[in-house]
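Engineer: Take this structure first; my questions come after.
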Amino acid sequence: MNQWYLTTPERESLLAFLRKLVQTPSLSGEEGAVAALVMEEMRRLGFVEVWMDEAGNVVGALGAAEGPTLLLDSHMDTVGVPDLSHWTRAPWGAEVRNGRLYGVGSCDMKGGLAATLYGAAHLQRLGIPLRGRVLVAVVGLEEPAEGTGTRILFEEDGLEADWVVIAEPSNLQVVRGQRGHMEMGLALQGRSAHSATPELGENAIYAAARVIFGLEILAEQLAVDSFLGAGVLAVTDIRSQAVSRNAIPELCEIIIDRRLIVGETETSALAEVQRVIAREGIQAQLRVIEEDVRTHTGKTYRARRASPSWVFGEQHPLIVAMLQSAREVGLRPTLEYWNFATEGAYTAGVAQIPTVGFGPGDPALAHTGDEHVELEQVYTAAAAYAALAARLLRE
Ligand SMILES: [Zn+2]
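Residue numbering for the sequence shown is 9 to 403, as defined by our numbering.
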């Protein structure tokens, strides 16, 4: 045992809190009840300041009022349960069996969320004098619009941070980068005609088929990064429009999901697709998808579905500090990357604040039936957050 480990009463209290979190549904844009629970728990744990911003993000502060700031970042929204047949446990039951807690969001990422509150509170309880502060931020709308909640914290609320930990599931490995993410819409224009005389029109579906074939070939040829692997392109949706079943379709729209590696940008990814369109000599409009998202407080934000990749070097001081802190609590972490997007898309990808990923739970269990998290991992993550905060902020 060392000083970073949670005590038995802390573990029991964390478990009770985590069960309440999982038992309280929090679909994106409907996080109000969970936000209230988080605020109540922060106050109970003795956070010095607790507030909610206009977008419904919750922040709690501990430590000194000024000085360098460590931000522990998580999201409180979860995906829904479209098909109950994938579940053998009650999705909102928060059942505990063999040291695992089951339920929607247990792994992605209410386990990590609970660990950030308890790690920060544990550090405060140890009474170590700090030269800076720990902010625990819990944002909404991550699932439909990653990075939006955290962008609001920085760009609208004026929050500042010197280091960020993203507490998304990493199986307690240290994550030093993630792929970027883009969603593109490609509208192919045809010309309507009666389907008995197709030669009088231009079939938008045929045009789409040619472009899709080109995209399939492009997807095989994308650049490869030694750490983040290959870039990814996938056509994920298609729909067409015709005046009737007996008409040549005048419009076909396809959706392209793109995962970016280092060196690939929004501009370069768009240009690659444009080249495929040009080669086919087809009329088409390509755009990055933008859509409105609504917070649980009723505010609407424009979310642009494009976020850059990010990677910090193995020797970056924050990466080293996270590795050392994880070792201090008995782990032997390796350096990993996330192949999905997180709030780090904003903190590292846009704001370029040193960011590291570290959290309880197996990322492969996110968005799956019988999603669960190992409780021991949640407790250990809390200990590691306390150790990291002390390492960065001790006087
Ligand atoms: Zn997540």
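Ideal placement from N, C-alpha and C gives every residue a C-beta, glycine not left out.
1. Is it true that the CB of glycine 193 sits closer than 7 Å to the CB of valine 144?
2. Is there a Cβ of chain B sitting closer than 7 Å to that of glycine 306, yes or no?
3. Serine 276 lies in the alpha helix (DSSP H); which residues open and close that run?
4. Three or more C-beta pairs closer than 8 Å, one from the region 267-274 and one from the region 203-217: is that the case here?
5. So glutamate 384 and glycine 111 are in contact, right, with Cβ under 8 Å, and what is the actual spacing, rounded?
6. In its own chain, which residues sit with a C-beta less than 7 Å from the C-beta of threonine 124, not counting the 5 before and 5 after it?
7. Going straight from the alpha carbon of glutamate 336 to that of leucine 167, what length do you get?
8. Taking 6 Å as the cut-off, is the CB of aspartate 378 close to at least one heavy atom of ligand 1?
9. Where does glycine 40 sit, in a helix, a strand or coil, going by DSSP?
10. I'd like to confirm the pairing. Which residues does DSSP put opposite threonine 124 in its beta bridges?
11. With distance defined between alpha-carbon atoms, name the residue in Glu191, Tyr13, Leu400 and Trp12 nearest to isoleucine 263.
12. For valine 417, report the span of its alpha helix (DSSP H) as first-last.
13. Which word fits glutamate 164, buried or exposed, when buried means at least 16 other C-beta atoms lie within 10 angstroms of its C-beta?
14. Do you know how far the Cα of alanine 43 is from the Cα of glycine 64?
15. Cβ of leucine 339 within 7 Å of Cβ of leucine 180?
16. Using a Cβ-Cβ cutoff of less than 6 Å, which residues in the same chain neighbour glycine 377 once the five nearest sequence positions on both sides are dropped?
17. Would glutamate 103 and lysine 307 qualify as a contact pair, given that the criterion is a beta-carbon distance under 7 Å?
18. Does DSSP put tyrosine 214 in a helix, in a strand, or in coil?
19. Looking at the structure shown, is methionine 190 part of a helix, part of a strand, or coil, going by DSSP?
20. Which residue marks the beginning of the beta strand (DSSP E) containing threonine 32, and which one marks its end?
21. Looking at C-beta atoms only, is the number of pairs between the region 316-332 and the region 125-134 that lie closer than 8 Å three or more?
22. State yes or no: is the C-beta of proline 177 within less than 7 Å of the C-beta of cysteine 115?
23. DSSP state of arginine 313, grouped into three classes?
24. Between the C-alpha atoms of arginine 27 and glutamate 48, what's the straight-line distance to the nearest angstrom?
25. Helix, strand or coil: how does DSSP classify histidine 324 here?
26. If you compare alpha carbons, which of Leu92, Lys118, Leu35 and Thr15 is closest to valine 46?
27. Exposed or buried, which one is proline 137 when buried takes at least 16 other CB atoms within 10 Å?
28. Between Arg399, Leu401 and Glu382, which lies nearest to asparagine 2 when the distance is taken from Cα to Cα?
29. Is tyrosine 345 helix, strand or coil when you go by DSSP?
30. Return the chain-ordered list of same chain residues with a C-beta closer than 7 Å to the C-beta of valine 66, the five sequence neighbours on each side being excluded.
31. Do glycine 135 and proline 76 have their beta-carbon atoms positioned less than 7 Å apart in this structure?
32. In terms of residue numbering, what span does the beta strand (DSSP E) encompassing alanine 145 cover?
33. Beta carbon of methionine 405: closer than 6 Å to some heavy atom of ligand 1?
34. Apart from the five residues just before and just after proline 316, which ones in its own chain have a Cβ nearer than 8 Å to its Cβ?
35. At a threshold of 6 Å, does glutamate 351 count as lining ligand 1 (C-beta to nearest heavy atom)?
36. Please tell me whether, using a cut-off of 6 Å, the distance from the CB of glutamate 176 to the nearest non-hydrogen atom of ligand 1 is below it.
Structural biologist: In terms of the structure at hand:
1. Taking C-beta atoms as the reference points, valine 144 and glycine 193 fail to come closer than 7 Å.
2. Going by chain labels, chain B is absent from the structure shown, which holds only one protein chain.
3. From DSSP, the alpha helix (DSSP H) with serine 276 extends over 274-288.
4. Result no; under three Cβ-Cβ pairs closer than 8 Å.
5. Contact between glutamate 384 and glycine 111 does not hold, since their C-beta atoms are separated by about 17 Å, which reaches or exceeds 8 Å.
6. Contacts found: Leu80, Ser82, Val144, Ala175 and Tyr393.
7. Spanning the two alpha carbons is a distance of roughly 30 Å.
8. The answer is no for aspartate 378.
9. Under the three-state reduction of DSSP, glycine 40 is assigned to helix.
10. For threonine 124, DSSP records no beta bridge to any residue.
11. Per the Cα distances, Glu191.
12. Absent from the model: residue 417. The displayed extent of the chain is 9 to 403, so no value can be given.
13. It counts as exposed.
14. C-alpha separation (whole angstroms): 8 Å.
15. At a Cβ-Cβ threshold of 7 Å, leucine 339 and leucine 180 count as neighbours.
16. Excluding positions up to five away in sequence, the list reads His94 and Trp95.
17. Judged by beta-carbon spacing, lysine 307 lies beyond the 7 Å limit of glutamate 103, meaning their Cβ atoms are not closer than that value.
18. The answer is helix: DSSP assigns tyrosine 214 an H, G or I state.
19. Here methionine 190 sits in strand by DSSP.
20. It is not in any beta strand (DSSP E) - threonine 32 carries neither H nor E in the DSSP assignment.
21. These segments do not touch.
22. Going by C-beta atoms, proline 177 is nearer than 7 Å to cysteine 115.
23. Arginine 313: coil per DSSP, three-state reduction.
24. Taking the straight line from one Cα to the other gives about 15 Å.
25. The answer is coil: DSSP assigns histidine 324 none of H, G, I, E or B.
26. Nearest of Leu92, Lys118, Leu35 and Thr15 to valine 46, Cα basis: Lys118.
27. Exposed, since its Cβ has fewer than 16 Cβ neighbours within 10 Å.
28. Since the first residue of the chain shown is 9 and the last is 403, residue 2 is not available in this structure.
29. Strand.
30. Excluding sequence neighbours, valine 66 sits near Ala43, Val46, Met47, Met60 and Val146.
31. Annotated as distal: proline 76 and glycine 135, with beta-carbon spacing of 7 Å or more.
32. 141-147 is the span of the beta strand (DSSP E), which, as asked, contains alanine 145.
33. Because the chain in this structure spans residues 9 to 403, residue 405 falls outside the shown range and cannot be described.
34. Excluding positions up to five away in sequence, the list reads Gly188, Leu268, Thr273, Glu274, Ala353, Gly357 and Val358.
35. No; taking the cut-off as 6 Å, the Cβ of glutamate 351 has no heavy atom of ligand 1 nearer than that.
36. Closer than 6 Å to some heavy atom of ligand 1: that describes the Cβ of glutamate 176.
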